[in-house]
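Student: This note's numbering puts the first residue of the sequence shown at 62, with every later residue one more than the last. Cβ atoms here follow ideal geometry from the backbone N, Cα and C, with glycine treated the same way. As the structure is a prediction and not an experimental result, all values here were calculated from the model.
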Amino acid sequence: MLSNSIVELDRAHLVHPVASWRGHEKAGARLLVSAKGATVTDSEGRALLDGFAGLWCVNAGYGQDHIIEAATRQLRELPYATGYFGLGSEPAARLAARLADHAPGDLNHVYFSLGGSDAVDGTVRFARHYWHSKGQPQRDQFISVMHGYHGSSTVGAGLTALPAFHAGFGVPLDWQHKISSHYAYRNPVGQDDQAIIAASVAELRAKVAEIGAERVAAFYLEPIQGSGGVLVPPKGWVAAMHSVCKELEILFVADEVITGFGRTGPMFACSEEGIVPDMMTTAKGLTSGYVPMGAIFLSDHVFQIIADGAGAATVGHGQTYSAHPVSAAVGLAALDLYENGLLDNGVKMGARLLAGLRDLADHPLVGDVRGRGMLAAVELVTDKGKKTPLPAAAFPATRIFDRAWRNRLIIRAFAQGVLGYAPPLCCTEDEIDQIVERTRLTLDQTL
Ligand code: PLP
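1. Please determine, among 423, 398, 215, 355, the residue with the shortest C-alpha to C-alpha distance to residue 120.
2. Kindly examine the ligand PLP and report whether one of its heavy atoms sits closer than 7 angstroms to the Cβ of residue 244.
3. Which full runs of the alpha helix (DSSP H) of 4+ residues lie inside the stretch 387 to 433, going along the chain?
4. Check whether the stretch 375 to 393 touches the stretch 413 to 429, counting contact only when three or more Cβ pairs, one atom from each stretch, lie closer than 8 angstroms.
5. For my contact list, residue 89 and residue 72 are in at a C-beta cut-off of 8 angstroms; report their separation, rounded to the angstrom.
6. Would you call residue 152 buried or exposed, if buried means 16 or more other Cβ atoms sit within 10 Å of its Cβ?
7. What separation, rounded to the nearest whole angstrom, lies between the Cα atoms of residue 465 and residue 242?
8. Assuming contact is defined by CB atoms lying nearer than 8 angstroms, are residue 357 and residue 340 in contact in what I supplied?
9. Is the beta carbon of residue 291 closer than 8 angstroms to that of residue 167?
10. When you compare each of 327, 450, 190, 468 to residue 436 by their alpha carbons, which one comes out closest?
11. Mind checking whether the beta-carbon of residue 355 lies closer than 7 angstroms to any heavy atom of the ligand PLP?
12. Any heavy atom of the ligand PLP closer than 7 angstroms to the CB of residue 319?
13. Given 8 angstroms as the limit, is there contact between the stretch 94 to 114 and the stretch 482 to 495, that is, 3 or more CB pairs closer than that?
14. Return yes when the C-beta of residue 178 is under 7 angstroms from any heavy atom of the ligand PLP, and no when it is not.
15. What residue ranges within the stretch 207 to 245 form continuous beta strand (DSSP E) runs of no fewer than 3 residues, ordered along the chain?
16. Answer yes if the stretch 419 to 436 comes into contact with the stretch 180 to 188, meaning at least three C-beta pairs across the two stretches below 8 angstroms, and no otherwise.
17. Is residue 275 a contact residue of the ligand PLP, with contact defined as CB to any heavy atom under 7 angstroms?
18. Assess, as a yes-or-no matter, whether the stretch 430 to 449 is touched by the stretch 299 to 314 under the definition of 3 or more beta carbon pairs within less than 8 angstroms.
19. Does the separation of the CB atoms of residue 150 and residue 355 fall below 8 angstroms?
20. On the three-state DSSP scale, how would you describe residue 530?
21. Report yes or no: is there a C-beta of chain D within less than 8 angstroms of the C-beta of residue 109?
22. Out of curiosity, what's the CA-to-CA distance linking residue 406 and residue 280?
23. Sort out for me which residues DSSP pairs residue 83 with in a bridge.
24. Is residue 450 helix, strand or coil when you go by DSSP?
25. Going by DSSP in three states, residue 456 sits in which element: helix, strand or coil?
26. Buried or exposed for residue 497, please, with buried defined as at least 16 other CB atoms from any protein chain shown within 10 angstroms of its CB.
27. Please confirm whether residue 255 and residue 245 have their CB atoms less than 8 angstroms apart.
28. Let's test the definition: count the other Cβ atoms within 10 Å of the Cβ of residue 365 and tell me whether it reaches 16, buried, or not, exposed.
29. Taking all protein chains shown into account, do 16 or more other C-beta atoms lie within 10 angstroms of the C-beta of residue 74, making it buried, or fewer, making it exposed?
30. Reducing DSSP to helix, strand and coil, say where residue 378 ends up.
31. Is it true that the CB of residue 219 sits closer than 8 angstroms to the CB of residue 182?
32. The ligand PLP and residue 283: does the residue's C-beta get closer than 7 angstroms to at least one heavy atom of that ligand?
33. For residue 394, I'd like the list of residues in its chain whose CB is within less than 7 angstroms of its CB, leaving aside the five on either flank, ordered along the chain.
34. Quick one, are the C-beta atoms of residue 165 and residue 313 less than 8 angstroms apart?
35. How long is the line joining the alpha carbons of residue 101 and residue 377, rounded to whole angstroms?
36. Using beta-carbon positions only, say whether residue 297 and residue 258 come within less than 8 angstroms of one another.
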C-alpha cells in the first residue's frame with residue numbers, strides 16, 4: 062500500500078494529461094503500483110483486469126521478462142546514442158529493418174519519433190517537404206476525418222476532430238479540413254456499407270474540389286477510429302479513400318498509432334485493406350508502452366523525393382531522443398513476442414471478446430457493439446429504437462469508469478456513453494470472459 066502522502070504529492074504537483082485540473086485537485090489520482098500479464102494492482106492493493114492495456118498500448122501485457130531483460134541489457138551497454146551527425150546505434154538500425162520487413166508494400170524507410178503525436182507532426186512536415194521538393198509548395202492544406210484523433214501536439218490536435226482537444230487552444234488551424242466519419246451506427250445515410258463508402262468518397266472529392274486539388278497536401282485517416290469511440294469502417298472504406306487520394310494525387314497517411322502491432326489482428330490494419338499508404342504513423346504497441354517511442358514509415362517514393370529535393374542540404378527534422386537505443390531494444394523484444402504467438406493469441410482472444418460483448422446486446426442500455434481484433438466498443442443508449450445517447454449529466458463517463466473500477470475492471474468510458482476495450486494481446490480465455498462479466502455487472506449497476 063502506498064501512503065496517502067504520495068497521493069497528496071500527486072494532487073499538489075503533478076499536472077495530469079487530458080484531465081480536469083480542478084476535478085483532479087478535488088478527487089486525487091488512483092495510483093497504480095505494479096502489474097503482471099493483464100492485471101494491474103492499485104495503491105489500495107486492489108487487483109484489476111486491465112481491459113484497456115494502459116492507454117491501448119501494453120499489447121504484450123505487463124511484466125514480460127523478455128522485454129525487461131532487453132531494456133536492461135541495452136541500458137548497461139549503451140543507454141543513449143544520437144542519430145544526429147551521422148551517428149546511430151545497432152538496435153535502432155535493426156528495428157528499422159525489421160519494421161520495414163513487416164510493413165505493407167514499399168514502406169521501407171522508418172523515422173523514429175518519441176510517441177504518436179510527434180509522429181503525426183513529423184508526417185505533416187514531411188508532406189510539406191515532399192511538395193516543396195516537387196515544386197508545388199502551395200500544397201499546404203490537409204484533410205482528416207471527423208471523430209478522428211491524431212494526437213494533442215499543436216499540429217496533430219488540428220487534424221484531431223474531438224472538441225476537448227480544441228477548446229481554449231486556438232485550433233483548428235485554417236489549413237486543416239475535415240470530412241464526416243463513416244460512424245455506421247449514427248450515419249445519416251444509414252448502415253449500408255456501400256452507401257457509407259459512396260457518401261465518404263463523394264465528400265472527399267467535394268472537399269478537395271472546394272479547397273482546390275492543387276492546394277491539398279495530404280489526407281489522414283485511422284484504419285479504425287479509436288478515441289472517437291472505436292468506429293469501425295465498412296470493409297473497403299479505407300481502400301476507397303486511398304483510391305480517391307491516388308487518383309487526385311494527394312498523399313495518403315494512415316495513422317496506425319492504435320491499430321498497429323496486432324491490435325486489430327495483423328501487424329498493421331492497412332494490410333487488411335490491401336493498400337500501401339504513402340506514410341504511416343505508429344507508436345504504442347511498438348514498444349508495448351514499456352518506454353516511449355513512435356515510428357513514421359515512409360514509402361520509397363516519398364523518401365526519394367524528399368531526399369532528392371533536399372540534395373546535400375539537411376532535412377531539418379529531429380529530436381534528441383529520436384531512435385533511442387533503449388526504446389529500440391524494447392521494440393525488437395516486443396516484435397519477438399508478437400511474431401512468436403502473441404498476434405495469434407490476440408486474434409483468438411479478440412474473436413472471443415467481440416462474441417462476449419455481442420452477447421450484451423440484450424442489455425437495455427446497449428445500443429451497439431462493434432470492434433475488430435482486440436479493439437472493441439459498446440455504445441450505451443437510453444432508447445434503443447431512437448438510439449438516444451446516454452445523457453452525460455445523468456450518466457457521466459467518470460461514474461461508469463468508477464463503477465467498473467469497483468468491479469475490478471479498467472475500461473475506457475468515453476464522454477459520449479461509449480465503453481472502449483483494448484486488452485493486452487496476452488489475455489487468457491478466462492480473463493476475456495471476466496472482462497465481459499464485469500462489464501455486465503457494471504451496466505446492471507448503471508441502470
Ligand atoms: N494518433 C492516434 C490514432 C492516437 O490514438 C494517438 C493517441 O492515442 C496519437 C496519434 C497520439 O499518440 P501519443 O499519445 O503517443 O502522442
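Tutor: If we stick to the structure as given:
1. Here the closest residue by C-alpha is 398.
2. Shortest gap from the CB of residue 244 to any heavy atom of the ligand PLP: 7 angstroms or more.
3. The stretch 387 to 433 is shown to contain whole alpha helix (DSSP H) runs of 4 or more residues at 404 to 419, in chain order.
4. No: the two stretches stay apart, fewer than three of their Cβ pairs being nearer than 8 angstroms.
5. Distance from residue 89 to residue 72 at the Cβ level is roughly 5 angstroms; contact confirmed, criterion being Cβ atoms closer than 8 angstroms.
6. Burial state of residue 152 is buried, judged by a 10 Å Cβ sphere holding 16 or more other Cβ atoms.
7. Approximately 29 angstroms between the Cα atoms of the pair.
8. Residue 357 is a Cβ neighbour of residue 340, given a cutoff of 8 angstroms.
9. For residue 167 and residue 291, no; Cβs fall outside 8 angstroms.
10. With distances taken between Cα atoms, residue 436 lies closest to 327.
11. Yes, the ligand PLP has a heavy atom inside 7 angstroms of this Cβ.
12. With a cut-off of 7 angstroms, the C-beta of residue 319 is classified as near the ligand PLP, since at least one heavy atom of the ligand falls inside that distance.
13. For the pair of segments examined, the stretch 94 to 114 was found to touch the stretch 482 to 495: the number of CB pairs separated by less than 8 angstroms reaches three.
14. Relative to the ligand PLP, the nearest heavy atom lies less than 7 angstroms away from the CB of residue 178.
15. Here the runs fully enclosed are 237 to 240.
16. Contact between the stretch 180 to 188 and the stretch 419 to 436 is absent, because fewer than three Cβ pairs lie under 8 angstroms.
17. False, no ligand heavy atom lies under 7 angstroms from that Cβ.
18. In this structure the stretch 299 to 314 does not lie against the stretch 430 to 449, because fewer than three pairs of beta carbons, one per stretch, are closer than 8 angstroms.
19. Not a contact, by the Cβ cut-off of 8 angstroms.
20. Beyond the ends of the chain as shown, which are 62 and 508, falls residue 530; an answer cannot be given.
21. Among the protein chains of the structure shown there is no chain D, as only one such chain exists.
22. So the alpha carbons of these two residues sit roughly 33 angstroms apart.
23. Under DSSP, residue 83 shares a beta bridge with no residue.
24. DSSP, reduced to helix, strand and coil, places residue 450 within a strand of the structure shown.
25. Reduced to three states, the DSSP call for residue 456 is coil.
26. That one is buried.
27. Cβ atoms of residue 255 and residue 245: not closer than 8 angstroms.
28. Exposed, since its Cβ has fewer than 16 Cβ neighbours within 10 Å.
29. Counting every other CB atom within 10 Å of its CB across the protein chains shown gives residue 74 a total below 16, marking it as exposed.
30. The three-state reading of DSSP puts residue 378 in coil, since its state is none of H, G, I, E or B.
31. For residue 182 and residue 219, no; Cβs fall outside 8 angstroms.
32. It does: the Cβ of residue 283 is within 7 angstroms (strictly closer) of some heavy atom of the ligand PLP.
33. Non-local C-beta neighbours of residue 394 in its own chain, meaning closer than 7 angstroms and more than five positions away in sequence, comprise 127, 128, 131, ordered along the chain.
34. Taking 8 angstroms as the cut-off, the Cβ atoms of residue 165 and residue 313 do not count as close.
35. One alpha carbon belongs to residue 101, the other to residue 377, and they sit about 41 angstroms apart.
36. Result yes, Cβ atoms of residue 297 and residue 258 sit closer than 8 angstroms.
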